[in-house]
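Residues 24 to 307 (this note's numbering) are what the sequence shown spells out, left to right. Ideal Cβ placement from N, Cα and C applies to all residues, glycine included. What follows is a short report on a single structure.
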Amino acid sequence: MPELPEVEVVRRGLSDHAVGRAIGAVEVLHPRSVRRHVPGPADFAGRLSGQTPTAVRRRGKYMWLVLDSGDMLLVHLGMSGQMLVQPQGKPDEKHLRVRMSLDDGNELRFVDQRTFGHLLLDQRGERAEVPSSVDHIALDPLDAEFVPDAFVRALRTKRTEVKRALLDQSLISGVGNIYADEALWRARLHWARSTRGLTSAQGRELLGHVTDVMTEALEVGGTTFDGLYVNVNGESGYFERGLNAYGRRDRPCGRCGTLIVREAFMNRSSFSCPGCQRAPRSRG
């Protein structure tokens with residue numbers, strides 16, 4: 024699933040191409056892509072048509088277009104969602120789900136092979152320019168209002184494994200499987216290490232690595248493994264070339280030479296170095 028860097032790359036592209044451009048005709052080609060818009064596809068298309076984006080915001084893995092009516096067009100990419108800017112008349116993508124024409128001759132196209140993503144016309148929540156459906160999600164470490172010391176205190180009071188805490192979107196948003204593994208490798212912490220045993224210094228160091236690894240990924244357009252994640256121009260990111268742990272099973276650790284291992288974790292995978300990231304004793 025796209026994580027913070029990938030979503031931020033798309034947000035920047037939408038900000039460049041969609042802000043100030045009136046939305047014309049809207050076509051919903053697959054109802055599942057607007058399934059969370061309870062009034063249905065026809066209402067979604069009718070309400071969105073004629074509105075103009077004034078800004079594009081992000082919170083963690085969610086982004087939204089702020090519309091001049093006060094509505095917000097929430098975009099969640101899911102596993103395979105893409106928001107593309109294409110000239111009108113260009114052949115449709117195989118998995119095109121929603122088409123929105125713009126007044127400059129381009130179209131916003133929501134393409135989603137697996138249809139796990141969705142679009143939603145939402146209302147403002149308790150905080151300014153944040154949709155109500157995203158209001159409960161924690162700030163991410165690239166947000167100017169994020170408070171590092173508050174995060175570290177909350178992290179150390181959790182009774183869970185450190186990787187589970189990093190994936191907890193009510194504690195910190197935007198961190199997914201890839202960047203959690205990379206930050207833990209840099210911090211020399213095993214993913215099953217208890218948060219209760221972390222010192223304040225370890226918590227701050229881990230947060231620093233989380234921030235650094237996502238910033239570095241953002242600079243090269245994010246991480247692409249299966250070709251499904253692309254920016255608004257259809258271009259892939261290149262951070263997978265710099266990964267030290269994730270996806271590197273049976274390859275030597277770049278720090279100590281020990282072979283990276285893969286372990287099952289929450290119906291997915293976790294990658295770590297047995298030499299640099301010693302597992303807790305309770306795990307044997």
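Asked                                                                                          : Found
Sub-8 Å separation of W87 and L100 beta-carbons                                                : no
Straight-line Cα distance separating Q74 from R216                                             : 49 Å
Straight-line gap, E26 to A188 (C-alpha atoms, nearest Å)                                      : 16 Å
CB of R132 within 8 Å of CB of L143, strictly                                                  : no
Whole-angstrom C-beta distance between E130 and M123, which should lie under 8 Å               : 6 Å
Three-state class that DSSP yields for G307 in the structure shown                             : Note that G307 scores 43 on pLDDT, short of 50, meaning its location in the model is unreliable and no value can be drawn from it.
Test item: CB-CB of D163 and R285 under 8 Å                                                    : no
Complete runs of the alpha helix (DSSP H) confined to the region 203-253 [at least 4 residues] : 223-242
M106 and V255 closer than 8 Å at C-beta                                                        : yes
Cβ-based burial, K113 [other Cβ within 10 Å; buried from 16]                                   : exposed
Beta-ladder partner(s) of V79, from DSSP                                                       : L88
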